[in-house]
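Data first, discussion second: the structure below is written as structure tokens.
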Amino acid sequence: MTEVLMQDTEIWTKSVPSFPKGWGPTREEFKKQVIVLIKNSLFWIGAPRYDISHTDGSKTSFYPIFYAMSPEWRIVTKEEVYELLRLKFLERVQGSYISATKGYANHIWDTDYLAYGLENDVFSNDEVQKIYFNHGDTPESYIQQYRVPNLLEDTLKEAFEKFVFPCSSMSTIREGIVALIDAHCPDCC
């Protein structure tokens with residue numbers, strides 16, 4: 192899929208003379224915008240696609256991270272994007288910890304992320320002591336129950352695809368969030 196998408200957009204990419212309006216006049220400014228986009232995007236949805244309106248009424252889809260990585264622009268590297276995504280992953284691990292200190296660990300949304308943090312010593316011993324386990328769970332039994340093999344690698348790979356090749360336009364992201372919430376909690380609200 193990645194190869195097909197790259198081939199389909201290759202002709203259009205070569206015809207892009209400059210950065211779209213609002214993305215910065217220089218390579219450095221554009222890179223800053225892309226980094227902010229990654230940092231502020233929702234991990235499970237990825238980065239949005241932007242539709243650029245032309246004076247003739249036509250629209251062209253613009254994929255900021257994809258173009259920033261393209262051979263024509265070479266503004267960010269795959270490694271830089273992966274590092275930003277890894278940091279977002281660790282933020283989610285930390286968020287699972289915060290939730291587990293305010294309620295029972297098995298009642299949080301991201302049990303797999305908390306298990307990852309416990310298994311990979313992301314939390315100090317003092318922090319682990321603040322986690323509320325119930326049903327006789329311990330950090331070790333929690334890891335056994337909620338651990339997802341290759342969570343970091345699989346999450347980064349999936350997120351990379353969503354960030355570099357987004358399928359959601361800006362106008363549909365809200366609907367995507369609502370759908371995720373509805374799927375997680377169908378009887379709520």
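Remember, this note's numbering sits 191 above the position in the sequence shown when you count from 1.
C-beta atoms are modelled at their ideal positions from N, C-alpha and C, and glycine is treated no differently.
Can at least three beta-carbon pairs, one atom from the stretch 217 to 231 and one from the stretch 263 to 281, be found at a separation below 8 Å? yes
Which residues share a DSSP beta bridge with TYR323? As a first step, residue 323 must be located in the sequence shown, where it is residue number 132. TYR295, per the DSSP bridge assignment.
Kindly indicate which residue of PHE354, SER315, TYR307 has the alpha-carbon position closest to the one of SER332. As a working note, residue 332 is residue 141 in the sequence shown. Closest option to SER332, Cα to Cα, is TYR307.
Which residue's Cα is closest to the Cα of PHE356: SER249, ILE289, VAL272? Indexing the sequence shown from 1 puts residue 356 at position 165. Checked all of SER249, ILE289, VAL272; the closest Cα to PHE356 is VAL272.
If you drop the 5 nearest sequence neighbours on each side, which residues of the same chain put their C-beta closer than 8 Å to that of ARG218? Here residue 218 refers to the residue found at position 27 when the sequence shown is read from its first residue. Result list for ARG218: TRP264, ILE266, in chain order.
With a threshold of 6 Å on Cβ separation, who are the neighbours of LYS321 within its own chain once the five nearest residues in sequence on each side are excluded? Translated into positions along the sequence shown, residue 321 becomes position 130. Once the five neighbours on either side are set aside, the close Cβ partners of LYS321 are THR292.
Identify, in the order they occur along the chain, each residue of the same chain with its Cβ nearer than 8 Å to the Cβ of TYR295, setting aside the five sequence neighbours on each side. As a working mapping, residue 295 is identified with position 104 in the sequence shown. Cβ neighbours of TYR295 beyond the five flanking positions: TYR323, PHE324, ASN325.
Express the C-alpha separation of GLU352 and LYS269 in angstroms, rounding to a whole number. Taking the first residue of the sequence shown as 1, we reach residue 269 at position 78. Taking the first residue of the sequence shown as 1, we reach residue 352 at position 161. One C-alpha to the other measures close to 11 Å.
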